[in-house]
Ligand SMILES: *[C@@H]1O[C@H](CO)[C@@H](O)[C@H](O)[C@H]1NC(C)=O
Ligand SMILES: *[C@@H]1O[C@H](CO)[C@@H](O)[C@H](O)[C@H]1NC(C)=O
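This is the structure:
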C-alpha cells in the first residue's frame, strides 16, 4: 500500500516538473486551450506506460498492480487539472445556458435544442464522475467492474461516451450544409443580435462572453469524454483485452479535428459578437440603491404675477415671464404658505384663475402632490391629500388687471437641490497592475460620482478575482475649501443641463483603467482612460506614459454630423412604468435634464434618473471601453446609465492543436 502511494506521488511530481505546458493558479478565459494541450500530451505519455511490448497476461500480478497504479496516477493528474478549470468554466457555462434558456423566446429555444445539449453534457459528466470514482478507489473495486465500465465508454451503444461526445460536437459543427444545420454558436449569435433588451442585460456578460462561456463548457465536456475514452483503451489493453492502438489513434485524430473545427467556429462567432453589456431594470426600484436623482433642478412652482416683476404690477400675462425671479410676496397670499423660489423662475404659463393645491411632504423633495384647477384640470396624480388642500385664488386689481397665479419652473441652487457631478478622474491603481472591471453611479455628499470596480490584471486576459473591489469615491463636499465648481465638480442649471451620450472604445492592445467627466461648453462630457498592456504577461506597460484619455468631443453645433438631442416626450417619473427600460440613445447624442411632465407630475421631479446598479461581469474581465446612454420607455423619464465593452478575446484564439505544438510520446 505505502509503496503504491509513494509511486503515485512520484508520478504526480514528475508530471508537474516535466510539464512543458505549465500553468499557475490563474485559470480562466482561454485556458481551455492550454488545458486541451495538457490533456493530449498527458494522454500521450500515459500510453507509454501500457505501450511496452509486454504481454500483460504473462506478467506477475504485483507488476500489473504497479502499472495500473501508474496509469491511475496519470489519470489523477489530468482529472485534477480538468476539475480545477471546471470550477470556473462550469459555473459560467451553466449560468450561461440557464440564462439563455430563461430569456430566449420559445422559438429560439427549440431551434437551439439547448435542452438536448444540456442532457448530453450532463450524461458525459455523470460518466466522468463514475470513472473518477472507480479509478480513485480502484482498490475497492474488482478489475471486472473497471473493465466493464471501460467497455461501455468506448462501446457502440448510443449512450456510450464515444457517441455522446460526437453528438455534442454536432451542436457546434453540424455535419449537414442546410440552414437547419447551423451550429449552436452561430444560431446563438444570430439570436443575441436579434433579441434586444432583457436577454442581454440579464446575462451580466456580453454576447461575446456568452458564446465563449458556452463554448468552454462544451469543450470541457469533450475533453472529459476524450480522457475517458483514451484511458478506457489503456485499461483494456492492460487487462489484455486487445491492442487498441488503431482505435486510440482514430479517436485522437477525431478529437483533434473536432477541437480545431470548433475553435475556428468559436473564433469566427466571437469576432462577430457584440462585446457590450449593461444592466436591465432591477426587480424593484430603490432610491439610493438602484437609482439616484438630480433633485429640484427645474421644478413646477406656483407664483402670482404680482411677485414676478419688480414693480409689483399685474399688467402682463403669465406667458410674458419666461425668465425672471421672485421679487417679493405681496399681501398675505399663498406665497406666505410655501417655500419661496430663490433662484430663476422660468417658462411661466396660465392655466386657470383658481385652484386647490395639495402641498407635499417637504422631505419628499416635491412642493406639491397635485394641483386641481377649478376648470377641472389636474396637474399631477390626484389622491387623498394628507395635510389638506389650500384654496388659491387669483384676484382682480381695479377691475382692469387680473393678478393671476402662474405655473412656472423654479431653478434654485440650494441645499434642497442635488445637482452636482464629480469631475475628478476615477482611476484604478496602476502601480498594482489594476484595471477597471465595473462601473456604477453613486451619490456622495450630494455629488454624483462614477464609482469604478478594479481588479488585478493577470496573464492572458484574466483578472485575479480575490483583488476585485469597488474603489471608494472621493469624499469631498462642494462647500469644502479649495474645491471649485467647473474644476472638481460640475453644477447643473437651466442653462447647463446637457449630458453627452457616447460609447468610447480603447485602441487595440489597451484596457480601461479610468473614467471621468469634463465640460465641453454647457455639456457634461464622458471620457475613458486607457492603458497599454501585454496580453501574455498581463502587465500594464509603463502606465504613466502609455495611458491616455479618450473622448468624443463632437458638439451639437458641429457642421458635419452634429450631436443629436434625445427628446423626452411628456416624461413621467421613471420608476412609475412597469415596462422594462430599453436603450433609447446612440453614441453621438445628448440628453437634457428636464422637469417631469406638468400634467402627469406637476413638473415636480427632475428626469432622467441615474442608474445606480452595479455594472459588473459574472466573472471579472478586463474591459476595452465604456459608454453612457439613456434607457427608458416612451412617456417616462428613464435613466442615464452606463455600459461596458469587454475585452476582445477572439483575436487571441488560435487553433489548439497544430501538429508542431503537441508532441506526444
Ligand atoms: C499493437 O499494434 C501495433 C500496430 O498494429 C503494433 O505496432 C504494436 O506492437 C502492438 N502492440 C502490442 C502491445 O501488441
Ligand atoms: C496602490 O498600490 C500600491 C502598491 O500595492 C499601494 O502601496 C498603494 O497604497 C495603492 N494606492 C491606492 C490609492 O490604493
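In our numbering, the protein residues as written are -4 to 660. No residue lacks a Cβ here, since even glycine has one placed at the ideal position from N, Cα and C. Note that the structure is predicted; figures quoted are calculated from it, not measured.
Distance CB(residue i)-CB(residue j) smaller than 9 Å
i: residue 299; j: residue 398; result: yes
i: residue 275; j: residue 340; result: no
i: residue 625; j: residue 580; result: yes
i: residue 356; j: residue 368; result: no
i: residue 414; j: residue 290; result: yes
i: residue 606; j: residue 285; result: yes
i: residue 454; j: residue 531; result: yes
i: residue 265; j: residue 156; result: no
i: residue 563; j: residue 543; result: no
i: residue 523; j: residue 546; result: yes
i: residue 638; j: residue 273; result: yes
i: residue 160; j: residue 216; result: yes
i: residue 85; j: residue 604; result: no
i: residue 648; j: residue 213; result: no
Assigned secondary structure, residue i (DSSP; H/G/I helix, E/B strand, else coil)
i: residue 461; result: strand
i: residue 444; result: strand
i: residue 329; result: helix
i: residue 181; result: helix
i: residue 601; result: strand
i: residue 297; result: strand
i: residue 522; result: strand
i: residue 353; result: strand
i: residue 561; result: strand
i: residue 661; result: Because the chain in this structure spans residues -4 to 660, residue 661 falls outside the shown range and cannot be described.
i: residue 468; result: coil
i: residue 578; result: strand
i: residue 56; result: helix
i: residue 273; result: strand
i: residue 309; result: coil
i: residue 643; result: coil
i: residue 250; result: helix
7 Å CB neighbourhood of residue i in its chain, flanking five on each side removed
i: residue 609; result: 433, 435
i: residue 197; result: 94, 98, 275
i: residue 541; result: 526, 527
i: residue 646; result: none
i: residue 19; result: With a pLDDT of 40 at residue 19, under the threshold of 50, the modelled position of this residue cannot be trusted; read the value that follows with caution. Same-chain partners within the cutoff: there are none.
i: residue 313; result: 300, 343, 344, 345, 399, 401
Nonlocal neighbours in the same chain, by C-beta distance under 6 Å from residue i, ignoring five residues either side
i: residue 296; result: 336, 403, 405
i: residue 620; result: 499, 500, 501, 640
i: residue 570; result: 280
i: residue 420; result: 509, 511
i: residue 572; result: 628, 631
8 Å contact criterion, which residue i and residue j should meet: CB distance rounded
i: residue 338; j: residue 323; result: Not really, about 15 Å apart at Cβ, beyond 8 Å.
i: residue 594; j: residue 293; result: So it is not a contact: roughly 16 Å between Cβ atoms.
i: residue 182; j: residue 206; result: Wrong, their Cβ atoms sit about 11 Å apart, outside the cutoff.
i: residue 218; j: residue 77; result: 6 Å
i: residue 447; j: residue 466; result: 5 Å
i: residue 477; j: residue 440; result: With 8 Å as the limit, residue 477 and residue 440 do not qualify as a contact, their Cβ atoms being about 15 Å apart.
Status (buried if at least 16 other CB within 10 Å, exposed otherwise) for residue i
i: residue 557; result: exposed
i: residue 503; result: exposed
i: residue 474; result: exposed
i: residue 186; result: buried
i: residue 371; result: exposed
i: residue 633; result: buried
i: residue 386; result: exposed
i: residue 487; result: buried
i: residue 220; result: buried
i: residue 644; result: buried
i: residue 70; result: buried
i: residue 479; result: exposed
i: residue 154; result: exposed
i: residue 268; result: buried
i: residue 92; result: buried
i: residue 132; result: exposed
i: residue 208; result: buried
i: residue 596; result: buried
i: residue 237; result: exposed
Own chain, CB closer than 8 Å to residue i, minus 5 neighbours either side, in chain order
i: residue 168; result: 178, 253, 256, 257, 260
i: residue 225; result: 38, 41, 42, 243, 246, 247
i: residue 304; result: 311, 316, 319, 322
i: residue 425; result: 508, 526, 535, 538, 539, 542
i: residue 66; result: 41, 44, 45, 226, 229, 230, 233
Of all residues in the structure, which have a C-beta closer than 6 Å to any heavy atom of ligand 3, taken in chain order?
Among the ligands modelled here, namely ligand 1 and ligand 2, ligand 3 does not occur.
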